[in-house]
Amino acid sequence: MRLLMLAVAAITFGLAQAHAQDLSPAGLERRATDRAAVEAVIWGMPAVNTDLMLQAMLSSTAARENEIVYWSRPVNWKNQTLTPNPDSIYLMSFWNVKDGPLVVEIPPADVGSIAGNIVTAWQMPLEDTGPYGADEGKGGKYLILPPGYQGEKPDGYFVLQSDTFTGFALLRSNLKSHSDADIEKSVAYGKRIKVYPLSQAASPGETKFTDAYDVMFDSTIPYDSRFFEGLDRVVQKEPWLDRDRVMIDRLKALGIEKGKAFQPDQQMRDVMDMGAKEAHSLLSARYDRGFPVINEGIGWFPAAMAEMVKAASSGYADPKEYPVDIRGVTYTLGFTGIKRIGTAQFYLMANKDKDGKAFDGAASYRLTVPADAPVKQYWSVTVYDRETHALVKNVDKASVASTTTGVTSNADGSVDVFFGPAAPEGKEANWVPTDPQREFELLFRLYGPEKPLFEKTWKLPDVEKLAAQ
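In the numbering used here, the protein residues as written are 31 to 499.
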């Protein structure tokens, strides 16, 4: 837990100056509480990330748990989740199995396909769905069981034993293009998904769908005392997991305790504000350094570290490994867990240009995507706000994809993608706008990735800054 150790060191140093090494009982207690606040943010990041999306749904739409909230067109900037895909149709079901097992039914991949992930409240993947998931494109019924379930497990289901009562299913209905006709087909296909209690399996009712397109849906991470309000909601509704029991006393020191009201006074809120700020700085610094790159000498890196992928996809089964710090960084950047990473999709990120400098929204850049991109479906590259990791506000276009209408190729089959406040003349379709007042980051998606990516015979080059005109 290297980041956690760094967090403790940073807090200790800062407080030593602020409190002049106050080693009185009261001073020591205050310092322990300060450290607990930092630890809680890093540890609780994936669950609070989930809760923030749930709260956004409940407050900004009419959708409720065990229904489906969806976006009837590829998401625009008003979807302020973390690094969403603007080249797919999003459907989400925030499930709750407190009252019994729940079924998520995925249609066969006939006139469409779903790239889906079903995860717990801690965003631990239970299963993937669709052609690269357990049903292998044949369609299937995924049965989510509550913690400690001892009841019937009927045949004909993909049985998912959850260790939390809540979680979500992220279900992307794949798009062939952004034409109105293809969007309509993708939405219609996605609406064949069903969610219903196992108790109603013999005659399921209609699944309710609520459209959130063009609704301000903000689940960006608040690095202040509001973070702890979300953490308290998680603690109150979820069981304590054995691997996390060390945090019980840590959270009690912050006034978060199962079965008790969370009522921090102003002094405690000040501690939480500072703890969240310190944790944010630590997590951001780790991200700025970058993850291990996919190709030596090139800055693009997988969006999740290998040890995080291994731990989460196995349900944290190895008792010798628990990458809490890396997990914390990961869930400041995005959401969901993928059980079979590298099958349905693979993600590469860049937060610096070829010269190792942060991307400046006031400057212009070029990425040359080499010919014969190793994908069965499509590739895309998306601009996100560096500070929030969400789509850049008030910018109407966020990405260029191999499916984008009008994108032009070079003579050798490569594609130049441009980023900046203004489009190069004649290259509007190949351009993604940026906000001149904001730094940005890039995420390159490969849907249906193929061997040349992993064998490193196909390499995505660094982004180059263009000379000012």
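By construction, the Cβ of each residue, glycine as well, lies at the ideal position given by its N, Cα and C atoms.
Residue i - containing beta strand (DSSP E), residue span
i: threonine 150; result: 144-150
i: tyrosine 408; result: 405-415
i: tryptophan 125; result: 118-126
i: asparagine 204; result: 196-204
i: tryptophan 461; result: 461-463
i: aspartate 241; result: 239-241
i: valine 506; result: The displayed coordinates of the chain run from 31 to 499. Any statement about residue 506 would go beyond what the structure contains.
i: threonine 362; result: Looking at the DSSP string, threonine 362 is not in any beta strand (DSSP E); the run it does join, the alpha helix (DSSP H), is 354-363.
i: valine 399; result: 395-399
i: methionine 335; result: Element bounds for methionine 335: n/a, residue is neither H nor E.
Limits of the unbroken alpha helix (DSSP H) element including residue i
i: isoleucine 278; result: 277-282
i: glutamine 297; result: 296-319
i: proline 55; result: 55-90
i: aspartate 446; result: Here aspartate 446 belongs to no alpha helix (DSSP H); instead the beta strand (DSSP E) covers 445-450.
i: leucine 261; result: 256-267
i: methionine 154; result: Note, methionine 154: premise wrong, no alpha helix (DSSP H); not H, not E.
Residue i versus the options, residue with shortest Cα-Cα distance
i: isoleucine 174; options: Gln407, Glu458, Ala283, Ser229; result: Ser229
i: lysine 168; options: Ala199, Ala309, Glu182, Gly186; result: Gly186
i: alanine 92; options: Glu471, Asp300, Ser343, Phe239; result: Phe239
i: alanine 441; options: Gln407, Thr434, Thr398; result: Thr398
i: valine 430; options: Tyr100, Ser54, Ala67, Asn115; result: Asn115
i: serine 255; options: Ser249, Glu214, Met304, Ile223; result: Met304
Pairwise C-alpha distance: residue j and residue i
i: alanine 393; j: aspartate 492; result: 16 Å
i: tryptophan 461; j: serine 439; result: 13 Å
i: leucine 490; j: leucine 156; result: 31 Å
i: alanine 420; j: asparagine 79; result: 13 Å
i: leucine 120; j: leucine 201; result: Inspection of the sequence shows that residue 120 is occupied by tyrosine rather than by leucine. Computed Cα separation, rounded: 6 Å.
i: lysine 427; j: alanine 283; result: 45 Å
i: phenylalanine 331; j: alanine 452; result: 27 Å
i: histidine 49; j: alanine 70; result: Because histidine 49 sits at a pLDDT of 48, beneath the cut-off of 50, its placement in the model cannot be relied upon, and the point is left open.
i: aspartate 210; j: valine 217; result: 11 Å
i: phenylalanine 474; j: threonine 412; result: 7 Å
i: tyrosine 378; j: serine 432; result: Contrary to the premise, residue 378 reads as leucine rather than tyrosine in this sequence. Between leucine 378 and serine 432, the C-alpha separation is close to 16 Å.
i: isoleucine 41; j: aspartate 64; result: Residue confidence is low: isoleucine 41 scores 48 on pLDDT, short of 50, so the model does not pin down where it sits. Its coordinate-derived value is still stated next. Rounded to whole angstroms, isoleucine 41 to aspartate 64 spans 7 Å at the Cα level.
i: glutamate 236; j: glycine 285; result: 42 Å
i: leucine 496; j: valine 437; result: 20 Å
i: proline 55; j: arginine 299; result: 21 Å
Beta carbon of residue i nearer than 8 Å to that of residue j
i: aspartate 402; j: glycine 443; result: yes
i: phenylalanine 195; j: proline 177; result: yes
i: glycine 478; j: leucine 261; result: no
i: leucine 205; j: aspartate 117; result: yes
i: glycine 170; j: phenylalanine 188; result: yes
i: serine 414; j: glutamate 469; result: The question names serine, yet the displayed sequence has tyrosine at residue 414. For tyrosine 414 and glutamate 469, no; Cβs fall outside 8 Å.
i: tyrosine 317; j: leucine 363; result: yes
i: glycine 367; j: asparagine 147; result: yes
i: aspartate 244; j: glutamine 110; result: no
Contact with chain C by residue i, beta-carbon distance below 8 Å
i: leucine 112; result: No chain C is present in this structure, which holds just one protein chain.
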